[in-house]
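When you read off a place in the sequence shown, starting at 1, and then add 4, the result is the number in the UniProt record's numbering.
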Amino acid sequence: GQRVVLITGCSSGIGLAIAVMLARDERKRYYVLATMRDLKRKDKLVEAAGDAYGKTLSLLTLDVCSDESVKQCVNSIKDRHIDILINNAGVGLVGPVEAISLDNMKQVFETNFFGVVRMIKEVMPDMKRRRSGHIMVISSVLGLHGETLTHTHTHTHTHTSGNTTQIRLMLLFTGVAFNDVYSASKFATEGLCEALAIQLLQFNVKVSMIEPGPVNTEFELKLMTEVSKKEFAGADPETLHHFRTCYLPTQVNLFKGLGQTPEDIAKVTKKVIESPRPPFRNLTNPLYTPIVALKYADETRSLSVHTFYHMLYNLGGVMHVSVRIMKFLSFGWLRRRAISPT
Ligand code: NAD
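If you want it as structure tokens, here you go:
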């Protein structure tokens, strides 16, 4: 029969793309419950779903920040039966930590972490009882621990010349700075899921994280609009200078240069769903494997902390050395450890 898939945050971006791709599966293997906070924002999804809408895709209201909304939504589903839960809803936050209010940080955790907890609490007990199910989270490369390298069966083909590789690697590092709280919210989620994954094996329930790098969605635009309105009072001028004149412009280039499409992420997600033994961690962008490799190469994390630092602030000669290390680490088998969307 058809597998029931519930996805959160489907009015735009990655959630929308996953909903459409699964609902339009040639063999009609999925029945998609595409959820969003506000059904008034359904038009883009409905249009993209085409004739799948009403057949293999239906809409439900769900706000991951509300206990009541989550409960109501799941109770409205036939037998509360969900085979695959895709936690996609999420918000970003950038800026120097000292200039961000705790309330603002808590909002991010409320969506990115507690939103996932809320969904899992509501759906997991039924999955355990049925001894089947798959819980997925659209995490981020910024939520990577890196202890466990992803294990995938697909091969990627990335051909980059020396220079572009250097520029690309440099760009990767800038993405890590000033996303501290967002990164922490994804780390928290990865920690939760890694612990759950172990217990859930006993119940035949699978857990997988999808870890995209930059993806061209409204996400980045929302962040940039927010940033342009904020003053970031509380940060010293030197930090603000790094943030505004180094980080922000590079971030724009990062998305332009390395950004994947929401469809790329949807393809990887579908591959993981359809894999007989879905890996726990799944990078979507092979260019990020060096970051994972760096963490893997030195469990004290000093190597990655110092390399990131030099890449960000001290590019000179150090860059060459770091890039060499990175190239060495990312060579061959490590490179192949991201799932290619193609
Ligand atoms: P997006 O802003 O287009 O999508 C996020 C969706 O979540 C939106 O539709 C938004 O309305 C919804 N949402 C926010 N709060 C919600 C709530 N309380 N309840 C229900 N829905 C809520 O951005 P996106 O890039 O598609 O982001 C999807 C996921 O991918 C997020 O978890 C994000 O952290 C992750 N991600 C994005 C990128 C990127 O570069 N865009 C990279 C890595 C990971």
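Ideal placement from N, C-alpha and C gives every residue a C-beta, glycine not left out.
Please state whether DSSP places residue i in a helix, a strand or coil.
i	result
L66	coil
G150	Bear in mind that the predicted position of G150 carries a pLDDT of just 27, short of 50, making it unreliable; the figure below should be weighed with that in mind. Looking at G150 - three-state DSSP - the assignment turns out to be coil, as it is neither helix nor strand.
T158	Only weak support exists for where T158 lies, its pLDDT of 29 falling under 50; the value from the coordinates is given anyway. T158 falls in the coil class under three-state DSSP.
H138	strand
N220	coil
Q264	strand
N183	coil
R7	strand
I343	coil
I88	strand
Name the two residues that bound the continuous beta strand (DSSP E) containing residue i.
i	result
S73	First-last for S73: D71 to N79, but that is the alpha helix (DSSP H), not the beta strand (DSSP E).
I214	V209 to E215
N286	R285 to L287
Taking only the alpha-carbon atoms, compute the straight-line gap between residue i and residue j and give it to the nearest angstrom.
i	j	result
C250	T304	28 Å
T265	H85	31 Å
M140	P100	30 Å
I214	N289	10 Å
L63	T39	6 Å
L262	P218	7 Å
Would you say residue i touches ligand 1, meaning its beta carbon is less than 7 Å from a heavy atom?
i	result
S187	no
D67	yes
M131	no
G119	yes
M228	no
V101	no
G96	yes
S144	yes
residue 352	Residue 352 is absent from the model: the chain starts at 5 and stops at 346.
Assuming residue i and residue j are in contact, meaning their beta carbons sit under 8 Å apart, how far apart are those beta carbons, in whole angstroms?
i	j	result
L37	I104	Contact flag wrong, Cβ pair sits at about 34 Å.
I295	V120	Rounded, the Cβ-Cβ distance is 23 Å, inconsistent with contact.
V209	K132	6 Å
From what residue to what residue does the alpha helix (DSSP H) around residue i run?
i	result
Y35	Careful: Y35 lies outside any alpha helix (DSSP H), inside the beta strand (DSSP E) at Y34 to M40.
V95	No alpha helix (DSSP H) holds V95; DSSP gives it neither H nor E.
Y300	T293 to A301
L244	P241 to H245
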